[in-house]
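The opening position of the sequence shown corresponds to residue 4 in the numbering used here, with each subsequent residue numbered one higher.
Single-structure report; data block below.
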Amino acid sequence: MRSAIIFYSLEGNTRTAANQLAKTLGADLFEIRTVKEYPKKGLGKFLIGGRDSSFGRLPALQPLEVNPADYDVVVLALPMWAGKAAAPINSFIKSHDFGSSKVALMISSASGDAGSCAKDLAAKLGRSVGNMATLSLTNPGRMAPAELTEQVNGFVRTLRGEAGGAF
Ligand SMILES: Cc1cc2nc3c(=O)[nH]c(=O)nc-3n(C[C@H](O)[C@H](O)[C@H](O)COP(=O)(O)O)c2cc1C
4 MRSAIIFYSL
14 EGNTRTAANQ
24 LAKTLGADLF
34 EIRTVKEYPK
44 KGLGKFLIGG
54 RDSSFGRLPA
64 LQPLEVNPAD
74 YDVVVLALPM
84 WAGKAAAPIN
94 SFIKSHDFGS
104 SKVALMISSA
114 SGDAGSCAKD
124 LAAKLGRSVG
134 NMATLSLTNP
144 GRMAPAELTE
154 QVNGFVRTLR
164 GEAGGAF
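Here you go:
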């Protein structure tokens, strides 16, 4: 059973959780990077990222050597921006074929309420949201390590259970 975590992170929260998930799951880890970095502070941080996610703008990405369709399970890990997926994830989805891979989601947000974001992603992937295991984390970079471990371990049990214990 081959698994991959493909993530984007602006401020490090998703990166922290994705690293932990990759280690626990034994998955390959890939980071999506934009050609032009989004601002990390000031008003621009929310305005530019929020605008791109809201209006479906697709920022250019740096090359990334990964074919999602090669994996049995692909976890897309991302921050929620303006109630939707962070724009760089949309660029990745648009330019890659997921084939018959099972797709799961790990979504970081400030509110912990990632339902609208999961629905948005399901539509973009052409999948049913009910068929995608989803872990919603509240700013995982600031979580107590034991709590993050517990959440990640629970998610790994779900992913392994769905795969019939095959990995
Ligand atoms: C442009 C932008 C828009 C955001 N919009 C939301 C939002 O609608 N709801 C929410 O709960 N958090 C929102 N956030 C907060 C992030 O989702 C949250 O801090 C997340 O953990 C950041 O992940 P990262 O550190 O991996 O970038 C937003 C952050 C940014 C930069």
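Note that beta-carbon positions come from the ideal geometry of N, C-alpha and C, so glycine has one too.
Small disclaimer: the values here were computed from a predicted structure and weren't measured.
- Serine 112 has its CB nearer than 7 Å to a heavy atom of ligand 1.
- Under the three-state reduction of DSSP, proline 71 is assigned to helix.
- Of the heavy atoms belonging to ligand 1, at least one sits nearer than 7 Å to the Cβ of lysine 48.
- The beta carbons of isoleucine 8 and isoleucine 35 sit no closer together than 8 Å.
- Closest in C-alpha terms to arginine 145, from the list Val132, Ser111, Leu138, Cys120, comes Ser111.
- Per DSSP, the beta-bridge partners of isoleucine 8 are Leu32, Val78.
- Counting the other CB atoms within 10 Å of its CB gives threonine 17 a total of 16 or more, which places it among the buried residues.
- Under DSSP, leucine 50 shares a beta bridge with no residue.
- Excluding residues up to 5 positions away in sequence, Ser6, Val159 lie with their Cβ nearer than 6 Å to the Cβ of leucine 28 in the same chain.
- If you ignore the 5 residues before and after arginine 130, its C-beta comes within less than 8 Å of the C-beta of Val106, all in its own chain and listed in chain order.
- Per DSSP, threonine 37 is not a residue of any alpha helix (DSSP H), being assigned neither H nor E.
- The closest heavy atom of ligand 1 lies 7 Å or more from the beta carbon of asparagine 70.
- Shortest Cα-Cα distance from tyrosine 74 to any of Leu32, Ala113, Val132, Asn93 involves Leu32.
- The continuous beta strand (DSSP E) containing alanine 107 extends over residues 105 to 112.
- Within the model, the alpha-carbon separation for leucine 108 versus alanine 121 is close to 7 Å.
- Nearest to leucine 81 by alpha-carbon distance, out of Gln154, Thr161, Arg163, Tyr11, is Tyr11.
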